[in-house]
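Single-structure report; data block below.
Structural data, given as structure tokens:
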């Protein structure tokens, strides 16, 4: 190949790369500002709609019962009410760089892209951060068409970036654990700790916390009631990630 041809090819590659980066930046900028897709307004981001069950207590502070609609058995738990084991297990398993990113884990995304596109690995893992998962829980509607499904992930990225602006890391973790559905009408960590272990979330042992965090990947697949052995294996994986 002649030097002139090589230079033209290299120049074309650089132009293509810069163009892709530029188009991607503009695309994400338009999503961030609500021009493309759906984007909650500032007020909704600062005050997401939380539907908690109404709890009835006796005069001595004992819980007598709860009132909720459908699968809304969710009782608020503050960050200080949650076992540190639960926090450590969640970060180690779902988002190891949670403390370092601002909503998007670029390293994880590059790893997934490399394994999926180049190495053709089906089990490339996920690149979603805990903040992105929270954005999906709070704001992502049911996607019907191909276009909507294709837009959903970058929209969640931009919502995650905004959530990181308005909330501390502790608040994001608390919101995530208050939102997650652990099956059997155990929505949120307070209900889950009571339904599965009969205790408050702050009293969860490291094994119990690892079991609940193991369900986050797929609650139906890692169901402690119906699939105890599979759930136990997943729990051990979580413990191993915590050790690492």
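In our numbering, the protein residues as written are 0 to 243. Glycine included, each C-beta is placed from N, C-alpha and C at the ideal position.
Does the separation of the CB atoms of residue i and residue j fall below 8 Å?
i: residue 126; j: residue 107; result: yes
i: residue 93; j: residue 215; result: yes
i: residue 200; j: residue 81; result: yes
i: residue 240; j: residue 85; result: no
i: residue 34; j: residue 103; result: no
i: residue 172; j: residue 78; result: yes
i: residue 181; j: residue 153; result: no
i: residue 209; j: residue 238; result: yes
i: residue 198; j: residue 192; result: yes
i: residue 39; j: residue 166; result: no
i: residue 162; j: residue 130; result: yes
Could you tell me which of the options sits nearest to residue i, measuring between CA atoms?
i: residue 229; options: 242, 211, 241; result: 211
i: residue 234; options: 29, 225, 221; result: 221
i: residue 27; options: 157, 168, 204, 196; result: 157
i: residue 178; options: 135, 164, 154, 167; result: 135
i: residue 236; options: 227, 213, 223; result: 213
i: residue 83; options: 3, 232, 188; result: 188
i: residue 44; options: 184, 170, 231, 183; result: 170
i: residue 88; options: 207, 227, 231; result: 207
i: residue 168; options: 15, 11, 100; result: 100
i: residue 242; options: 205, 231, 223, 225; result: 205
Pop quiz: residue i and residue j are said to be a contact at Cβ under 8 Å. What is the actual Cβ separation, rounded to whole angstroms?
i: residue 186; j: residue 73; result: 4 Å
i: residue 140; j: residue 31; result: That belief does not hold up - the Cβ atoms of residue 140 and residue 31 are roughly 18 Å apart, past 8 Å.
i: residue 133; j: residue 174; result: 6 Å
Worksheet item: Curious, which full-length alpha helix (DSSP H) runs of at least 4 residues does the region 128 to 210 contain?
Response: Qualifying alpha helix (DSSP H) stretches, in chain order: 129 to 138, 145 to 165, 168 to 178, 188 to 196.
Worksheet item: At which residue ranges does the region 72 to 119 contain complete alpha helix (DSSP H) runs of 4 or more residues, listed in the order of the chain?
Response: Counting only unbroken stretches of 4 or more residues, the alpha helix (DSSP H) elements lying wholly within the region 72 to 119 are 83 to 93, 105 to 112, in sequence order.
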